[in-house]
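S.K.: When you line the sequence shown up against my numbering, it's residues 2 to 187, in that order.
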Amino acid sequence: MSYHRRLAFSLLPLAMGLLATVGPSSYAASPQSAASSGTLVSKVRTATQRYTNINAALADGFVQGTPCVSGPDFGAMGVHFVLPARISGGVLNADEPEALIYEPMASGAFRLVGVEFIVLASVWTGQHSDGSTPALEGHLMNYISAPNRYGLPAFYELHVWAWEQNPVGSFADWNSNVNCDKQPTG
C-alpha cells in the first residue's frame with residue numbers, strides 16, 4: 002500500500018456517510034472585512050470560496066480525516082477534510098491548505114468555517130536542515146508531538162478561521178463560535 006494511501010486511511014478513523022451542501026457563513030460580512038483581519042485570512046478566503054460547497058472539496062479529492070474535534074475547555078475545531086498528498090508534500094502555500102474545516106449542521110450539511118495548514122515534522126526537517134520552525138506568511142506554525150489524538154506522526158499546524166470569526170483570534174486552534182453539537186452519532 003502506498004504511503005499516501007496509508008496516510009489517507011490513518012486520517013479516516015470515523016468516516017461519515019452523509020455529505021451535503023453547506024449553509025451560509027457567519028464570518029464578517031464580506032471578503033473586505035476578512036482582509037482587515039490580515040492578508041493570510043483574505044488569501045485563504047479567496048482560495049477556498051468554492052469549498053463552501055463541500056461537494057466541490059470532495060470532487061477535488063479531499064477526504065474526511067477526523068470526526069468533529071471539540072476543544073478541551075471551550076469551542077471546537079470542527080470536521081477536517083484533508084488532501085493527503087498536500088500533507089506529505091511539505092509545501093506551504095496560502096492558496097492550498099492541507100485541510101478544510103467544516104462545522105456539522107442540524108440538517109446533516111457541513112458549513113465551511115476555516116482551514117488548517119499541516120506539514121509533517123519529519124518532512125519539514127528533511128527539507129530544512131537549519132532547524133527552522135515552519136511559518137506561513139509570517140505566522141509561525143504550532144508543533145504537535147506524537148503520539149497525538151489524531152494518530153499522526155509529529156507535525157506542525159496552523160488554523161486560519163477564514164469563514165467563521167474566532168473571538169480569540171484568526172489563528173487560534175479552538176473557536177468558541179464552532180461546536181460539534183450537530184455531529185451525527187452512528
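The C-beta atom is built at its ideal place from N, Cα and C for all residues, glycine as well.
From a predicted model like this one, the values you see are computed outputs, not experimental measurements.
Taking the C-alpha atoms as reference points, what is the distance between T126 and G132?
M.R.: Approximately 7 Å between the Cα atoms of the pair.
S.K.: Are C181 and S71 closer than 8 Å when you measure CB to CB?
M.R.: Going by C-beta atoms, C181 is nearer than 8 Å to S71.
S.K.: Which residue spans inside the region 37 to 102 form an unbroken alpha helix (DSSP H) run of at least 4?
M.R.: As far as the region 37 to 102 is concerned, its whole alpha helix (DSSP H) runs of at least 4 residues are 40 to 49, 55 to 60, 85 to 90.
S.K.: Where in the region 121 to 170 do unbroken runs of the beta strand (DSSP E), each at least 3 residues long, occur, reported from the N-terminal end onward?
M.R.: Fully enclosed beta strand (DSSP E) runs of 3 or longer: 143 to 145, 156 to 161.
S.K.: DSSP puts F172 in a beta bridge; with which residues?
M.R.: According to DSSP, F172 bridges with nothing at all.
S.K.: Name the residue from E117, D96, T40 whose alpha carbon lies nearest to the alpha carbon of I188.
M.R.: The displayed coordinates of the chain run from 2 to 187. Any statement about residue 188 would go beyond what the structure contains.
S.K.: Please report the Cβ distance between V45 and A95, rounded to the nearest whole angstrom; I am assuming they are in contact, meaning their Cβ atoms lie under 8 Å.
M.R.: With a Cβ gap of about 6 Å, V45 and A95 count as contacting.
S.K.: Going by the CB atoms, is the gap between I119 and I88 shorter than 8 Å?
M.R.: Yes, the Cβ-Cβ distance between I88 and I119 is below 8 Å.
S.K.: Report buried or exposed for R112, applying the criterion of at least 16 other Cβ atoms within 10 angstroms of its Cβ.
M.R.: It is buried - the Cβ of R112 has at least 16 other Cβ atoms within 10 Å.
S.K.: Short of 7 Å in beta carbon distance, which residues of its chain neighbour S171, apart from the five on each side in sequence? Order them along the chain.
M.R.: Closer than 7 Å at Cβ, skipping near neighbours: S38, G39, V42, V161, W162.
S.K.: Give me the Cα-Cα distance between A36 and E138, rounded to the nearest whole angstrom.
M.R.: With a pLDDT of 41 at A36, under the threshold of 50, the modelled position of this residue cannot be trusted; read the value that follows with caution. Computed Cα separation, rounded: 14 Å.
S.K.: Report the rounded CA-to-CA distance for F82 versus H140, giving the unit in angstroms.
M.R.: So the alpha carbons of these two residues sit roughly 22 Å apart.
S.K.: With a threshold of 6 Å on Cβ separation, who are the neighbours of D74 within its own chain once the five nearest residues in sequence on each side are excluded?
M.R.: There are no such residues.
S.K.: Helix, strand or coil, according to DSSP, for V116 in the structure here?
M.R.: Strand, per DSSP.
S.K.: How many angstroms separate the CA atom of H129 from the CA atom of L93?
M.R.: If I take the Cα positions, the gap works out to 13 Å.
S.K.: With DSSP collapsed to three states, give me the class of P185.
M.R.: Three-state DSSP puts P185 in coil, outside helix and strand.
S.K.: Output the distance between the C-alpha atoms of P154 and P148, rounded to the nearest integer angstrom.
M.R.: Going by the C-alpha atoms only, they are around 7 Å apart.
S.K.: Which same chain residues end up closer than 8 Å to V124 when comparing Cβ atoms and leaving out the 5 residues on each side of it in sequence?
M.R.: Closer than 8 Å at Cβ, skipping near neighbours: S89, G90, G91.
S.K.: Rounded to the nearest angstrom, what separates A60 and Q184 at their Cα positions?
M.R.: The alpha-carbon atoms of A60 and Q184 are separated by roughly 22 Å.
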